[in-house]
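Student: All letters in the sequence shown, in the order written, are residues 4 to 185 by the working numbering. Glycine included, each C-beta is placed from N, C-alpha and C at the ideal position.
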Amino acid sequence: SSGINAEWPLRPGWTRLVSGYRDKLSNEVTQGNSIRHLGIKIVSVMRNISTDHVEKNNLYPTFEEYLRYLLAYNAANNIHFLPQNEILCIPQSEYDVIVPLEYAGLLHDDIFEKHINTSVRLLGSYDKTNDPRLQSSAKRAREWFSKVDNDIIDQLYEFYKADFYILRYSNFSHPDFPLPLQ
4 SSGINAEWPL RPGWTRLVSG YRDKLSNEVT QGNSIRHLGI KIVSVMRNIS TDHVEKNNLY
64 PTFEEYLRYL LAYNAANNIH FLPQNEILCI PQSEYDVIVP LEYAGLLHDD IFEKHINTSV
124 RLLGSYDKTN DPRLQSSAKR AREWFSKVDN DIIDQLYEFY KADFYILRYS NFSHPDFPLP
184 LQ
């Protein structure tokens, strides 16, 4: 063993928000496990309607309702939306390797099989493309965030600022998004 004790893949805040919405709150069929009760609460609060009405009419939050709710009611205390630096407990915990999630699959062989001698698979993109710029959450992040009010974008950036800093992630409008800046 090379002495690597801990590895953690990080995902850019923008694609994390899109993926969290798609997997947990939208009516899109994904590999994720829905948090339907939170989606019902978001619609009820943001549209000022009863939860019974939301359930009866099978309503789901829009992406922007989800973002506004996240900021207004600190829904990020849910592990699916929490900034990753808080999950990592930096600097209390020690990590030998922190990699961009988009490269986790590509780096798997080098990190795990060569240095740790295990065949454990890393979590990663469910897309089949190796180019992170072509993965569905990155494409949606570019499209969806380009329609969101700049004030919300600024607030979200502040909220996830440490995550962006850790791996120098680019903004969703950057041509190489979601790759880290060089």
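In three-state terms, what does DSSP make of Tyr163?
Tutor: In this structure, Tyr163 counts as coil in the three-state DSSP scheme.
Student: Tell me, to the nearest whole angstrom, how far the beta carbon of His83 is from that of Gly23; I am working on the premise that it is less than 8 angstroms.
Tutor: At roughly 5 angstroms, the Cβ-Cβ gap stays under 8 angstroms, so His83 and Gly23 are in contact.
Student: For the candidate residues Asn153, Leu73, Glu58, whose alpha-carbon lies nearest to that of Leu20?
Tutor: The candidate whose alpha carbon is nearest that of Leu20 is Leu73.
Student: Can you give me the C-alpha to C-alpha distance between Asn120 and Tyr168, rounded to a whole angstrom?
Tutor: Here Asn120 scores only 47 on pLDDT, less than 50, and its place in the model should not be relied on; the value that follows carries that caveat. If you take the alpha carbons of Asn120 and Tyr168, they lie about 31 angstroms apart.
Student: Pairs of beta-carbons, one from the segment 140 to 156 and one from the segment 29 to 49, closer than 8 angstroms: are there three or more?
Tutor: Contact fails: fewer than three Cβ-Cβ distances are below 8 angstroms.
Student: Mind checking which residues open and close the alpha helix (DSSP H) that includes Tyr76?
Tutor: That run of the alpha helix (DSSP H) goes 66 to 76.
Student: Please list, in chain order, all residues of the same chain as Ile38 whose beta carbon is under 8 angstroms from its beta carbon, the five residues on each side excluded.
Tutor: Closer than 8 angstroms at the Cβ level, and outside the excluded window around Ile38, lie Lys27, Leu28, Asn81, His83.
Student: DSSP on Tyr172, reduced to helix/strand/coil?
Tutor: Tyr172 falls in the strand class under three-state DSSP.
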